[in-house]
Each structure stands twice: as structure tokens, then as C-alpha cells.
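Colleague: Numbering (our numbering), first residue to last: 7 to 605.
(1) Inspect the beta-carbon positions of residue 147 and residue 238 and report whether they are closer than 8 Å.
(2) Once you ignore the five residues that flank residue 117 on each side, which residues in its own chain have a CB closer than 6 Å to its CB?
(3) For a quick check, are the C-beta atoms of residue 171 and residue 193 less than 8 Å apart?
(4) Look at the alpha carbon of residue 222 and the alpha carbon of residue 184, and state the distance between them as a whole number of angstroms.
(5) Just list the residues that DSSP pairs residue 78 with in beta bridges.
(6) Using only alpha-carbon positions, find the residue among 512, 168, 445, 399 that is nearest to residue 466.
(7) Within 10 angstroms of the Cβ of residue 350, are there 16 or more other Cβ atoms? Answer buried if so, exposed if not.
(8) As a quick exercise: from 396, 189, 100, pick the residue whose alpha carbon is nearest that of residue 113.
(9) Which of the three DSSP states is assigned to residue 503 in this structure?
(10) If distances are taken between C-alpha atoms only, which option among 422, 583, 96, 198 comes closest to residue 69?
(11) Between the stretch 224-242 and the stretch 266-284, do three or more beta carbon pairs fall short of 8 Å?
(12) Whole angstroms is fine: what's the gap from residue 36's alpha carbon to residue 542's?
(13) Within 8 Å, do at least three Cβ pairs link the stretch 520-537 to the stretch 473-489?
(14) Do three or more CB pairs link the stretch 586-600 to the stretch 496-511 at distances below 8 Å?
(15) Is the distance from the Cβ of residue 419 to the Cβ of residue 507 below 8 Å?
(16) Just to confirm, is the Cβ distance from residue 47 to residue 136 under 8 Å?
(17) Quick check on the DSSP output: the beta strand (DSSP E) that includes residue 151 runs from which residue to which?
(18) Tell me which same chain residues have a C-beta within less than 6 Å of the C-beta of residue 584, skipping the five on either side of it?
(19) When you compare each of 425, 442, 441, 476 to residue 459 by their alpha carbons, which one comes out closest?
(20) Per DSSP, which one or two residues make a beta bridge with residue 99?
(21) Measuring alpha carbon to alpha carbon, tell me which residue in 74, 133, 415 is nearest residue 479.
(22) Using a Cβ-Cβ cutoff of less than 6 Å, which residues in the same chain neighbour residue 468 once the five nearest sequence positions on both sides are dropped?
(23) Quick one: grab the DSSP three-state call for residue 31.
(24) Could you pull the start and end residues of the beta strand (DSSP E) that residue 402 belongs to?
(25) Taking only the alpha-carbon atoms, compute the straight-line gap between residue 132 and residue 256 and give it to the nearest angstrom.
(26) Suppose you measure from the CA of residue 491 to the CA of residue 557; what does that come to, to the nearest Å?
(27) Under the DSSP definition of a beta bridge, which residues are partnered with residue 73?
(28) Cα separation between residue 151 and residue 562?
(29) Got a sec? Which residues, its chain only, sit under 6 Å from residue 412 by beta carbon, not counting five neighbours each side?
(30) Identify which residue in 72, 495, 234 has its Cα closest to the Cα of residue 567.
(31) Tell me whether residue 336 sits in a helix, a strand or coil according to DSSP, three-state version.
(32) What's the call for residue 244, buried or exposed, on a 16-neighbour Cβ count within 10 Å?
(33) Looking only at its chain, what residues have a beta carbon closer than 6 Å to the beta carbon of residue 105, apart from the 5 residues adjacent to it on each side?
(34) Buried or exposed for residue 119, going by 16 or more other Cβ atoms inside 10 Å?
(35) Please classify residue 191 as buried or exposed, where buried requires at least 16 neighbouring CB atoms within 10 angstroms.
(36) Can you look up residue 169 in the DSSP assignment and give me helix, strand or coil?
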């Protein structure tokens, strides 16, 4: 008996033994009500050809899996052939057998794997057949190298489930967009993948979210990740390899114990071609222009018949669009004719100064409604501008009080705003404050007390109606906010000593364990100490981003330019955990060396 036949026989015997032992534990004294619910997965009792078969035919070949009970294909899309073909393998149920056939001609002298994932289950209760990977070769030998890795979301650092990982023997920047890979795998619930039965030699590795399951990367629709240089498998498959076993995704300790060789971060890339993508009018005083790529270089924007001083312009944070408002005492025309001069991508792929003429009109429905009696009454009733007033006790020292409007403010009366301070003896006095417009968002302002906030003091901000007037001639409604610093007796704090900036700029954030909520954020220009106060008991994570272009934001990458997204890392404790547990009035100090973290 050869080794491959022996492996198949042992697999069948062991699964049958597990099944018989499970059934022997059933309650034989129960009343005849149909018996206990079946929770036993199907047992593989036959496999033809045997696992590791060689000289498999290029056409007309089939694989038969025989089970101890009727088994169905629950998730056809979850069954992955590697290397993949354009036409996926077909599965057919014949009694207690599942037959796999191939629609495309197989490659000669190639080792294939079929990962059945969670694709098979018993017909009655839907119990899943344990993860099973079948390997065979169309040549004389079975390749035996393997790799492991993890795929994370570049922005959140959360593991990506179901990501498609592809390997290519030859490098082309567009390989993953045009060619099916030479080997492939998918990530599990933990973002972990293993790709087995590989030939020796270098590979280029990519990962994508593969939303439409076509095994190719679709620009603009999916996320993509890649490593900058080729990888070479160094590990050889054996029956005892822990990372190649099947795992219960709910078994956290077992899943986290797997060793990952490579880490890929997937990102939604930016378009590299600069052009005017869209334009339009939101209403009679507001319009927009969007571009195909970020960081547009625009030299001028003009509207026929409108003085430049009556145009208010607001760029998006990534400068891939702008919104304009008309601050004119005369009613704007239903149709506007605009001229935009900007750096556009030409036919050679270079940026060249271009001037384009655009037209944008208010929709006929909106224009007609505005001219009706009903429309005029609605406009007269809408006399209040939107104002979002935000202040949090835990962050007011750093962030101040934010005032955010939905449209530009053209008139404000700051002397009507009152900030009151009440001390611990219940004495109240007015406080002076600063009021600063956000440089990146003209409709956001920050109000900050000129004196330090004090524990035990109470504060109250009052903004009367009519303090602010917007571009539509609407005033704000009255607003009031009360706040005070948190009581620190039952709270905790974290101090981070950051080293190794080396002249680069970073962003440091304290988040919850799942990285969904940011408690406090600092932009780091040099080595220093950063304080995170007022923390409740719980688990936290420290996220650091290398801010390459110094804009205070996470910036994505570009595949065809072979440009990675900005690097983001989670600080890890000595045991490899990223969760920092804080409780019982703790004051924790943590040293972080960026040179080591980003090496």
C-alpha cells in the first residue's frame, strides 16, 4: 500500500470511528420520539481517486467522495480549486456520493487542490462536513511546499474574512486584474490563509476582497493588497502541521495559535487618472464638481455672470471634489455656466493644465417647485440653519467645543455667546474663550476656554438665536450645553512615551479593542509623551499610522503605481496581544519604539 492510499484509508477509518463513538453515547432508554437531534457531521467512507493521486487526466477526470449518509453541496461558491479556472468545478449528488467534475481542461504537470471549506453538509440537519482539502496532480509528482499568512484591512487592521489570496510565478503590475493565478486560497474568519502543494521558487502575492468571486481584482469595486517583493515558500507539508489542520472558528485560542508567515493589508485604492468625473447643482445656491483622483491641482474656477467674491468654495478632505455656494444678493440663474482650469491627465499619462467649460442646472422639478406658492411658503418656513454643537466631558480639554454647520456662515455675532464657569463654592463667573475656524472645513469651528478646565467646576455654554447667519439668510436656533470634567476617582489613565519618530510624522490613536471607536487622537511631530485620561475599565488598543504626506488622514495606495497604503500598526504586548486591559483605578505608562514597530 503506497503512502497516498494509506493516508486516504486512515482518514476514512478515523472519521468512521469518531462517528461510531458519538453514536454509542446516545441515550438508548429514551421514548420512541424519533431520537435525539442529529448533531454528527457526515463521515467520509470512500474517496476515488485516493488523496495525492498523480497522472490525473487533463480532461474527463472526476473525483468521488462517498459518505455514510446523504450529503449535499451547501455552498458551491465556498469550494475553491487551486489554481483556479475560469469555469468552476461542477458538483453533483449521486446517492450518498458527491461527484466533482471539471469544465475546463486542466493544466499539464500541475498540482491541484480542492478546498471544500464549509461547502458540504448532511441533507437532514445541515451538519457541516469538517474542512477538507483534496490534492492531486496531472503530472508524475505532487508538489509539497506551503505558505501561511494573514489578511487585514489596511485602515482598521481588522482581519478580512473570505479574502482571495493569489500567487503568480511571473510579475506584472496588472496580473491580478487580467490573469488567473498559479495558486490561490481564501481567508477564514480570522483572516488567516494557508496555500498548500506549491512548487518551489518565487511567487508574487496579492490579496483582494473578490466581491464577485471571479478570481480577478476589479478596480474601484474591491480592495487590494500586495507585498512589495516576491516570496519563496520554505515550508514542507507534513501530516502533523498545525496550521494545515481544520479549526473551529469559535475556538479563539486554537485559531490565534497558528503561525502566520506573511501579512497583507488590503485597501480601496485611489484612481490615478485625473479628470472631471461629475458636476451638478444641489439647489439654486449650491453646486459641486468631483474629480477622478485626489489632490486636484486647480488654478481657477469661474461662473459666468457671478463675481468671484460671491463664490464660496469648500474642498473635500482628500481634495477629490469641491462644493460651491453663491453668496449673492441676486437670485441665481437656473442654469450656471462654469470654467474650471486644472491639471488633467493627458493621453501620455502626464498632468497638463486644461480648461474645461461646464454647465449645471437646477432640476426642472426643483425649479418649478421653488416658483410655486407652496415652494415659497416652504422656503419662508425654513428659517433656521443647522447647527451641531458637540462637547464631551472626557475630551473637552483637547478638542474644545465644536460647532458644525451644514452650509457656510457669512455673519456671526460673537459677543452674544456666553461661557459660564461655576466653581466648587457655587460662584459663577463668565469666562473668555477663543473661536477658531477649522482650516480643513470652513463650516466647522472650535470654541475653547482660555483658562484650563478644573476638576469639580461646572461649565455652561449659551448661544442665543441669531448669533450665526448662513449663506441662505437663515439664523441659528438657541443652543445651550452644560459640561464638566469627569470625576477621576473611579477612572483610569494611560501615558504613552513615544520614541523613534526619526523626522517622520505619525498619528497615534487610542481605540476600543475592536478598533471601532477612537477615544483620543494625537498628531505626532517628534518624540514625546502623550496622555490618555478618563478611561473606564475595559480593553483598549493603540493604533499608529505613518502619515507620509502630513495631512492627518489615512491615505490609501495604488496597485498600478505599486504604491502601498500608508502603514498602520497596532502596538503589541510581550505576549503578542493587542488588547491592553485597564481597570481598578490604574495609571499605566507604556513605552513604544516606532523604529521597532514599523521595521
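Just so it is clear, CB atoms sit at the ideal spot from N, CA and C, and this is done for glycine as well.
Modeller: Per the coordinate set shown:
(1) no
(2) Within the same chain, residue 117 has close Cβ partners 143, 148, 149, 203.
(3) In this structure, residue 171 places its C-beta atom within 8 Å of the C-beta atom of residue 193.
(4) 7 Å
(5) In the DSSP secondary-structure assignment, residue 78 is bridged to 127.
(6) 399
(7) buried
(8) 189
(9) strand
(10) It is 96 whose Cα lies nearest to the Cα of residue 69.
(11) A contact exists between the stretch 224-242 and the stretch 266-284.
(12) Any answer about residue 36 is weak, because its pLDDT of 43 lies below 50 and its placement is not dependable; what the coordinates show is given next. Looking at the two C-alpha atoms, the distance is approximately 51 Å.
(13) no
(14) Judged by Cβ distances under 8 Å, the stretch 586-600 makes contact with the stretch 496-511, as three or more pairs qualify.
(15) Cβ distance not < 8 Å, so residue 419 and residue 507 don't count as in contact.
(16) The answer is yes: Cβ separation under 8 Å.
(17) 151-159
(18) Once the five neighbours on either side are set aside, the close Cβ partners of residue 584 are 547, 576, 578.
(19) 425
(20) Partner(s): 104.
(21) 415
(22) 424, 486
(23) Summary for residue 31: the model assigns pLDDT 40, below 50, so the residue's position carries little reliability, and this model does not support an answer.
(24) No beta strand (DSSP E) holds residue 402; the alpha helix (DSSP H) holding it covers 402-405.
(25) Rounded to the nearest angstrom, the two C-alpha atoms are 18 Å apart.
(26) 30 Å
(27) 50
(28) Distance between the alpha carbons of residue 151 and residue 562: 33 Å.
(29) 392
(30) Taking each of 72, 495, 234 in turn and checking the Cα distance to residue 567, the smallest one comes out for 234.
(31) coil
(32) If you draw a 10 Å sphere on the C-beta of residue 244, you find fewer than 16 other C-beta atoms in it, and that means exposed.
(33) Apart from the 5 residues on each side of it in sequence, residue 105 sits with its Cβ closer than 6 Å to the Cβ of 68, 70, 98 in its chain, given in chain order.
(34) Buried, because 16 or more other Cβ atoms sit within 10 Å of the Cβ of residue 119.
(35) buried
(36) coil
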